[in-house]
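Data first, discussion second: the structure below is written as structure tokens.
2 protein chains.
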Amino acid sequence: MEHPAPGGLQEEERVLVSEQSWRPCPEARRRLRGCLEWVKRQLFRVGEDWYFLFFLGVLMANISFVMDLVISRLYEAHRWLYQEVGDILVLKYLSWTMYPMALAAFSTGFSQSITPHSGGSGIPELKIILTGVVLEDYLAIQNFGAKVVGLTCTLACGSTVFLGKLGPFVHLSTMAAAYLGKMRTSVTKEYENKFKQNEMLVAAQAVGVATVFGAPISGVLFSIEVMSSHFAVRDYWRGFFAATCGAFMFRLLAVFNSEQETIAAVFKSDFEIDFPFDLLETFFFMILGAICGLVGCAYLFCQRWMLAAVRENRLTAKLLATDKPIYTVLAVLLLASITFPPGLGQLMASRLTMKEYLTSLFDNRTWGLLVPNTSQVAAGAGGLWQEWWHPSATIFGTLAFFLVMKFWMLILATTLPLPAGYFMPIFIYGAAIGRLLGEAVALLFPQGLHAEGALHPILPGGYALAGAAAFSGSVTHSISTALLVCEATGHLGHVLPVVLAVLVANAITQKHQPSFYDGTIIVKKLPYLPPIRSRHVGSYQVAVEEFMERRVVALAKGDGFEEVLMALDASADAEYPVVESKESPVLVGTISRAQLVTFLQSHKHPQAPMEEKLATVGTLGDDCAIEPIMLQLSPWTSLHQAHHLFEMLKLQRIFVTRFGELVGAVTRVELRRAIEELTNPK
Amino acid sequence: MEHPAPGGLQEEERVLVSEQSWRPCPEARRRLRGCLEWVKRQLFRVGEDWYFLFFLGVLMANISFVMDLVISRLYEAHRWLYQEVGDILVLKYLSWTMYPMALAAFSTGFSQSITPHSGGSGIPELKIILTGVVLEDYLAIQNFGAKVVGLTCTLACGSTVFLGKLGPFVHLSTMAAAYLGKMRTSVTKEYENKFKQNEMLVAAQAVGVATVFGAPISGVLFSIEVMSSHFAVRDYWRGFFAATCGAFMFRLLAVFNSEQETIAAVFKSDFEIDFPFDLLETFFFMILGAICGLVGCAYLFCQRWMLAAVRENRLTAKLLATDKPIYTVLAVLLLASITFPPGLGQLMASRLTMKEYLTSLFDNRTWGLLVPNTSQVAAGAGGLWQEWWHPSATIFGTLAFFLVMKFWMLILATTLPLPAGYFMPIFIYGAAIGRLLGEAVALLFPQGLHAEGALHPILPGGYALAGAAAFSGSVTHSISTALLVCEATGHLGHVLPVVLAVLVANAITQKHQPSFYDGTIIVKKLPYLPPIRSRHVGSYQVAVEEFMERRVVALAKGDGFEEVLMALDASADAEYPVVESKESPVLVGTISRAQLVTFLQSHKHPQAPMEEKLATVGTLGDDCAIEPIMLQLSPWTSLHQAHHLFEMLKLQRIFVTRFGELVGAVTRVELRRAIEELTNPK
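Listed in order, the protein sequences are those of chains F and E. Position 98, counted from 1, in the first sequence is what the numbering used here calls 369; the numbers after and before it change by one each time, with no gaps. Position 547, counted from 1, in the second sequence is what the numbering used here calls 818; the numbers after and before it change by one each time, with no gaps.
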């Protein structure tokens, strides 16, 4: 910038002339500048939200990709070590068990030492946050590093520990979104808005799912189903956009890294698409759904029981309270010993990684037909399935053994206090159920089910798809796993039987067990609002006045120092209702606890010595800003409506007024109690 | 049933003994009966909702299938007629134009004579109904027959009139659900519940989409996106279940009818799945998205203008008011004359049906490469694309001519007062845009874009997929068309570029134009609540007291005959607020208009002659049941929050109270005005 000298106009003119002479084509330049201004305006008009979401998607995709890369390197190192030690069994055993033990212990110790919130999947807590409850520090950025490092180590243990990436990644993604959101508000100086924050969290969840599976559409749907009971279509659009950016970037990085020639599905399958399944097979798919539903119920029940047992048992509770890494080491030692390949591991294909498990189970060949030709087939070519083959047990034996053992091993693994996801193991488990049933059907009907016409043999891989979707769907109470399985494999031919299996499995599990995430919420005793089932028509007959809290600590407009002090002592609410006067308790508004404290500090106690220069008299109505009330219930509102309002508007507490007068308040605690009484009447 | 004779105990015993001797194994029978009882209880425990949804899905699938069958027969008849008349041009012309004219005229006349609501698509009105507005008779079962017959005739006109099936089918499905719901409540004697009704309507919409495209997942998503701004996950599950039943049944019927060997996608494609597209092609897909978005804007603008112009123009308005069939006949004559195959029709492949249009555009071959070999290729084999080939115009000419002509022809067709859907034509139009761009790209890069390695030619069919999804998505403001296109073709390989194109197209159109359905709502002047864009942070600063209606006709508890009469005269509301007294207007509750009328009938006018035996004195508070108020706003609630509440809770009117006293009311009218003032400040 040139400042004209204060000397005179001549100087100024000279500068202007020289400026003009230095830059040719003033007209063109002016136009160009106008053009750029217009582009800038247009770009700003789009709303910075979209840039924010784009950035979030790309960031998380990069993190996911780099994490995958590091994990595969760490895993390769383990495999190399295991092969290098030669044929001495003891050394083999030590190298097989020590490596994951060290990694898991480091994961536990490191993440727990930084923050205790970084363990587990994080989805149950996110679900609670989305209902409007504030869980302090859960989205703090300090967790981020702890969780990234911890998760990488957990996953590098591979299929020994048999854990996944999805839940923690969703948590990571929301942490990143919360942090970026804070940065944004500090830059734009806009006042931070709770609605917008929520929108971004929802989008971030979708990004989390999408960048793990490279599946944008089911990413959005899965995060919606699992997280919330109501949602806005505009959130869905945001999630969609962010998830697409994330998934695209994630697949793009795979191309840049020369893993793939072009963008394709993560677990690409090569099923025959002309005749994916015969109509009569639908029946078997429904049976598969029912089996998955029943196993899902058993799994959920046992998992919840185990989680509670570990917390209650004196020994484990003490270990978990003080020496988490030791608990982890002991559990991982047990898991690793069982999966030791020369031992029991050979019966459960334990040399495969998580990804190889899935790829092998989604194989489009029928293993039962391949087995007799094993000797002819070269060991190297596409031989993933051969890991499943054992001379004395056949593939049926190994699959069944895998299912039996992994059932309790997986439940044990979910008690480990390290950052880990529980979706992927469930997904693989379901695929194994499906593969077993599929192989059995293929064995029973070697010619396929079609009576006339061309021969269409049965594809056990299709059953594996359906099994994965049905079991993971039943455990998480979601239906979009049907789409997830299609997007992840790039195969749509089986979509209808898969959806049917998922629906059957869900019908069974939703009836009898809370979902995996709800179960964890119940065990962890987080604030939770149970749903009202449509069968409970009684919820229309129960009125708010029957269950509301009548003893509400309220202040009057004319209250002074002493009353405020008493009120602050009497309850620990964040907000206090203010009424007109004690005689006519018409609700006027609310006042925050912080404001009351300020009021106390700026006024003096009536009995205090006179030298302090503070106002003696002074009432709330005069000296404090009273926040107006937006919404109030009447005592005759039904339980059903109150529940609906709490769910839809993410309320924490709402006051009940009769003809304007405060008569009570309803919080989630009262609502939960009322619903529980309705469900289990005394 | 045997009634024991009243004679004595002996007779009774005899009967009992004979009963026992006649039926063996009493123990086994008792157990069996217990078992059956248990099964019955279990079945009832599931909730009759699911049976209801299952039945709805199967019913609509059957109707959809039978309708398709009848339409194809009618269309075959037309084709046969056209071929049988020989080479005489006049006869050919007459047979080409008369048949659709007659059908369209019948469709218009028949449906309009039964009910005026049966015209058009029905989706805009459903959208309004779902926001809680009661549109009388719109879901009445009388419409059903009119719409089924009318729609069949419309669709039998084929590609001449170029209309679709989706919208009316969604309407049909909701009508069926509403009727079945009424039947159910009359059987079970349960009190009809508005929430449940809404749930069923949402599920019914999903069924409508699913049974047309055989696409359960995108059916649910599309109906959600188009219809509502908020929704519950439990509705989504219901929709999913019903849509799956519907889609499954629909595809099953095709197998039973031997159209297909097994269940497969409706418009099954056979794209190469190993290398669907090159990474660099993403750029072209985004350009395609931008083009679709821009054309979508132009289309929406012109369509809205045309709809308004037809209503305002003196001639057409008169025709539409009194002689709807004549308007239809004239418009169809124009459309049919232009598509006459020996005339202009040969330049726009007008001999194809709607389905053949789509199948040909989604062809996996590159037409530009096929053209030179035309003479060699036998005319019959897979020659749908040859319809697009014209010796003097090449395929580029015909595609461009098709796009230019169909642009205004489609807009003209949307003004026809007959039952018809507008989604399918938009879908085909988009596919044509995509095919044109795809063929152009294939011409520019005959070797594909990949510099090194294997040769991967460009697949113009993939562009057609993306174009169909992007254009239909941009016109309807929805993203799930990306999934719809995948489900309808059974091909997932292109999902990422398709999603990208859809997002780009949506970004452009949502910025500049209301969606097709919102546009129709605006033109038809239906009650409509515009969305608040996130940019309008001002909506947080506007308080309810700035825009609420202050003059509310209220009654006091002590009011008698005269005041009630005056109130009924003063406004036509369905509900009147009741306050404590005129002096202290504390809101007590509401009272319905019907109750007030009853009150008037049972009380007598103070000046009335004395002989009538009715109570003279009597106040509202004593003689009427006053409904309590569930929810009230305060004057300081922000516009944003009020809008949120109206959208979430589907409110129609809400009262505003200050310290319990009634000070005003807010309806959708006030809200709309406030939002419009915010958007276009004076």
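Glycine included, C-beta positions come from ideal geometry on N, C-alpha and C.
Sequence-distant residues of its chain with Cβ nearer than 7 Å to Leu933(E) (five each side left out): Val823, Ala825, Pro848, Val850, Pro856, Leu858 and Phe926
Length-filtered (4 minimum) alpha helix (DSSP H) runs lying within the stretch 658-709 of chain F: 665-684
Distance cut-off 6 Å: Arg455(E) Cβ against heavy atoms of the ligand MN: Annotation note on the ligand MN: not contained in the displayed structure, which lists no ligands.
Rounded C-alpha distance that separates Ala896(E) from Glu854(E): 22 Å
Leu910(E), buried or exposed, once every other Cβ within 10 Å from all chains shown has been counted against 16: buried
Short CB-CB distance (under 7 Å) between Thr747(F) and chain E: no
Those residues which DSSP pairs with Ala503(E) across a bridge: His501(F)
Coil, strand or helix - Glu846(F) by DSSP: strand
Own chain partners of Thr938(F) with C-beta closer than 6 Å, once the 5 adjacent residues on each side are dropped: Arg924
Proximity test, Cβ basis, 7 Å: Gln912(E) and chain F: yes
Residues in the stretch 887-910 of chain E having any Cβ partner in chain F nearer than 8 Å: Pro899, Ile900, Met901, Leu902, Gln903, Leu904, Ser905, Pro906, Trp907 and Thr908
From Met454(F), Lys436(F), Leu401(F) and Gly391(F), residue whose alpha carbon lies closest to that of Ile412(F): Met454(F)
Chain E within 7 Å of Ile793(F), Cβ atoms only: no
Residue environment, Met619(E), which counts as buried when at least 16 other CB atoms sit within 10 Å: buried
Spatial neighbours of Ile803(E) in its chain, beta-carbon cut-off 7 Å, leaving aside the 5 residues before and after: Ser810, His911, His914 and Ile946
Against chain F: residues of the stretch 916-934 of chain E by CB proximity under 9 Å: Leu916, Glu918, Met919, Leu920, Thr928, Arg929, Phe930, Gly931 and Glu932
Any chain E beta carbon closer than 7 Å to Val356(F): no
8 Å contact criterion, which Leu492(E) and Thr599(E) should meet: CB distance rounded: Leu492(E) to Thr599(E), Cβ: 34 Å. No contact.
For Leu606(E) and Leu365(E), the rounded distance between their alpha carbons: 13 Å
Which residues DSSP lists as bridging Ile862(E), in chain order: Tyr847(E)
Alpha-carbon spacing of Pro899(E) relative to Asp893(E), whole angstroms: 15 Å
Three-state secondary structure assigned by DSSP to Gly651(F): Here the model assigns Gly651(F) a pLDDT of 44, short of 50, so the residue's position is not dependable and the matter cannot be decided.
Below-7 Å beta-carbon distance, Ile761(E) vs any chain F residue: Residue 761(E) is actually Gly in this sequence, not Ile. Taking Cβ atoms only, chain F reaches closer than 7 Å to Gly761(E), which makes this a yes.
Rounded straight-line distance, which links the Cα of Val746(F) to that of Met695(E): 38 Å
7 Å Cβ cut-off: residues of chain E touching Pro487(F): Val770
Sequence-distant residues of the same chain with beta carbon closer than 6 Å to Phe502(F), five excluded per side: Ile495
Per DSSP, the bridge partner or partners of Ile925(F): Val937(F)
Any chain F beta carbon closer than 7 Å to Glu496(E): yes
Three-way DSSP call (helix, strand, coil) for Val857(E) in this model: strand
Ile750(E), enclosing alpha helix (DSSP H) - first and last residue: First-last for Ile750(E): undefined, no H or E at that position.
DSSP three-state assignment for Leu426(F), whether helix, strand or coil: helix
Run of the alpha helix (DSSP H) containing Val835(E), from where it starts to where it stops: Phe832 to Ala841
8 Å Cβ cut-off: residues of chain F touching His501(E): His501, Phe502, Ala503, Val504 and Met919
Buried versus exposed, by CB contacts within 10 Å (16 or more), Leu327(E): buried
Closest by C-alpha distance to Tyr507(E), when choosing among Pro487(E), Phe519(E), Leu523(E) and Phe521(E): Pro487(E)
Rounded C-alpha distance that separates Phe381(F) from Phe336(F): 22 Å
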